[in-house]
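Residue numbers (the working numbering), protein chains in the order written: chain A, 1 to 199; chain B, 200 to 398.
Backbone N, C-alpha and C fix where the C-beta goes; we use that ideal spot for every residue, glycine too.
Below: the structure, in C-alpha cells.
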C-alpha cells in the first residue's frame with residue numbers, strides 16, 4: 001500500500017514508519033521535517049499536501065496539538081489549539097483526504113486514552129479526543145468505499161522517560177504502532193482502537 | 200435552591216422549569232426570551248448574565264446549537280457552530296459560572312445520545328456531544344466544592360412529532376426533565392447521565 005504518515009517525525013510516528021515500511025511504501029509528513037510538510041490547522045496546507053502527494057491507499061495521522069494544563073489556568077488559546085489542531089486538523093484530514101484515497105482505502109487518526117480516562121490537567125486534551133472519537137463513529141456511518149478509525153494510545157514509555165515520569169504504566173512506541181498496522185490492514189471502520197487490545 | 204435555567208424557552212427547558220419550579224426558585228434564560236437573555240457563543244454575554252443574576256445554587260443548560268447534515272454537505276460553518284455554540288458555549292458556562300455558584304452548587308449541561316450512538320447526518324452534533332462529555336469527565340477531576348454533569352437526552356417526542364417523525368422511540372420532555380432534577384438534587388459529579396436510566 002501507498003501510505004501517507006502525518007506526524008512521521010514524532011515518537012509514535014517514527015515507530016509506525018519503522019513497522020510499516022517493510023511491507024508498504026511510506027510517505028513521511030511532519031510539521032517541520034519529512035518528505036513533505038503540513039500545518040494541520042490550515043485546510044489550505046492539507047489540500048496542498050494531498051495535491052502534491054496524489055492518491056494513496058492509507059492516511060495515518062499521529063499528529064495534532066493540545067496542551068495539558070490545570071483547569072483554572074487554561075486559557076482560551078488552549079481550548080482553541082485543541083479544537084483547531086488536534087480535533088479539526090484531523091477532521092479536515094478526513095474531509096479533504098477522502099478525495100485522495102484509492103477505493104477501499106482508510107484514514108486512521110489519533111485520539112488518546114485521556115478522552116475516556118482523564119487525569120487532572122487533561123481537560124482540553126480529553127475534550128478534543130472525545131470529540132474526535134464521536135466524529136469517527138458518526139462519519140463512518142456515511143463514508144462509503146473507505147474506512148475511518150481512531151487509534152487511542154496510552155502514554156508512550158519513551159515520552160514518559162523523556163519527561164522524567166515513571167514509565168511502568170506506559171507502552172513502547174513500537175507496541176503502540178501495531179494498532180496503526182491493524183487499522184490499515186484490517187477491516188475496522190468507525191472504531192476507536194484502544195492500543196492495549198492490539199499490542 | 201436558586202436555579203438558573205439556560206434554554207428555558209425550549210422544549211426540554213420548559214419541561215425542566217415546570218418540574219423544578221415546585222421546589223426551587225427558577226431564573227429563566229433564553230436566547231431571545233426569558234427573564235434574561237444570553238448568547239452562548241459569546242463569553243461577554245455569559246459573563247454579563249452572571250453579573251446580573253448573581254450567585255446561584257445550580258446552573259442548568261438545555262441550550263446549544265448544532266446542525267444536522269449529510270457528511271458530504273457539511274460546511275466549515277456547521278463545524279464552527281457546533282464547536283463554538285453547543286460545545287464551547289457550554290464549556291464557558293462552567294469556566295465562568297463556577298465563580299457564581301454557591302458552595303456545593305452544580306452545573307448541568309446537555310449533550311445527547313448521538314455522541315455515543317450516532318445516526319447518519321449527526322456528525323457535527325455527535326462530535327460536539329462527545330467533546331462535551333469528555334470535558335465534563337475531565338474537568339470534574341479538578342473542580343472542588345461544586346459538581347458538573349452532562350445530561351444525555353434521546354430524541355424528545357414533542358420535537359419528533361413537530362418534525363413529522365415516528366415518535367415511538369422518543370421520550371416526553373417531562374420524562375427527560377427528571378434527569379436534570381436528579382442531576383441538581385443528587386450527588387453525581389463528572390457523569391454523563393443517560394435519560395433512559397432516570398425517567
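Report yes or no: is there a C-beta of chain A within less than 8 Å of the C-beta of residue 319 of chain B? yes
Cβ shell of residue 313 of chain B (< 8 Å), same chain only, five flanking positions each side left out: 321, 324, 325, 328
With a threshold of 8 Å between beta-carbons, can residue 134 of chain A be considered close to chain B, or not? yes
Measure the C-alpha to C-alpha separation of residue 246 of chain B and residue 234 of chain B and round it to an integer number of angstroms. 16 Å
My output table needs one value for residue 212 of chain B: the three-state DSSP class, helix, strand or coil. helix
Top-ranked residue by Cα proximity to residue 172 of chain A, from A/154, A/194, A/49: A/154
For residue 196 of chain B, does the count of other Cβ atoms within 10 angstroms reach 16, so buried, or fall short, so exposed? Shown here, chain B extends from 200 to 398; a query on residue 196 of chain B therefore has no answer.
For residue 392 of chain B, which beta-bridge partners are listed by DSSP? B/350
So, using beta-carbon positions, are residue 351 of chain B and residue 393 of chain B closer together than 8 Å? yes
Residues of chain B with a CB under 7 Å from the CB of residue 115 of chain A: which are they? 333
Could you tell me whether the region 86-105 of chain A touches the region 50-70 of chain A, where touching means 3 or more Cβ pairs closer than 8 Å? yes
Going by the beta-carbon positions, is the gap between residue 338 of chain B and residue 293 of chain B smaller than 8 Å? yes
Given residue 210 of chain B, which residues of its chain have a CB within under 8 Å of its CB, disregarding the five upstream and five downstream residues? 355, 357, 358, 372
Looking at the unbroken beta strand (DSSP E) that takes in residue 227 of chain B, where does it start and where does it end? 224-229
Skipping 5 residues on each side, what residues in its chain have a beta carbon closer than 7 Å to that of residue 136 of chain A? 109, 148, 149, 150, 190, 192
In the DSSP assignment, find the unbroken beta strand (DSSP E) run with residue 201 of chain B in it and report its ends. 201-205
When you compare only the Cα positions, how much space is there between residue 343 of chain B and residue 186 of chain A? 44 Å
Taking all protein chains shown into account, do 16 or more other C-beta atoms lie within 10 angstroms of the C-beta of residue 363 of chain B, making it buried, or fewer, making it exposed? exposed
Note down, in chain order, every chain A residue with its Cβ under 7 Å from the Cβ of residue 341 of chain B. 70, 71, 120
Taking only three categories from DSSP, how would you classify residue 247 of chain B? helix
Contact list for residue 126 of chain A against chain B, beta-carbon separation under 8 Å: 333, 334, 336, 337
What does residue 164 of chain A reach in chain B if we use C-beta pairs closer than 7 Å? Ordered by position in chain B, no residue passes the 7 Å Cβ test against residue 164 of chain A, which lies about 22 Å from the chain.
What residue does the beta strand (DSSP E) around residue 288 of chain B start on, and which one ends it? Where residue 288 of chain B is concerned, there is no enclosing beta strand (DSSP E), although the alpha helix (DSSP H) it sits in stretches over 287-296.
Residue 170 of chain A at chain B interface by Cβ criterion, 8 Å: no
Return the CA-CA distance between residue 3 of chain A and residue 28 of chain A, expressed in angstroms with no decimal places. 9 Å
Does the CB of residue 64 of chain A have a neighbour CB from chain B at under 8 Å? no
For residue 287 of chain B, would you say it is in contact with chain A, using Cβ-to-Cβ distances shorter than 8 Å as the test? yes
Tell me the rounded alpha-carbon separation between residue 266 of chain B and residue 311 of chain B. 13 Å
Exposed or buried, what is residue 220 of chain B when buried is set at 16 or more other beta-carbons lying within 10 Å of its beta-carbon? exposed
Does residue 167 of chain B pass the burial test, meaning 16 or more other C-beta atoms within 10 Å, or should it be called exposed? Only positions 200 to 398 of chain B appear in this structure, which leaves residue 167 of chain B out of reach.
When the cut-off is 8 Å and only beta carbons count, does residue 83 of chain A lie next to chain B? yes
Which bits of chain B does residue 129 of chain A rub up against, with CB to CB less than 7 Å? 333
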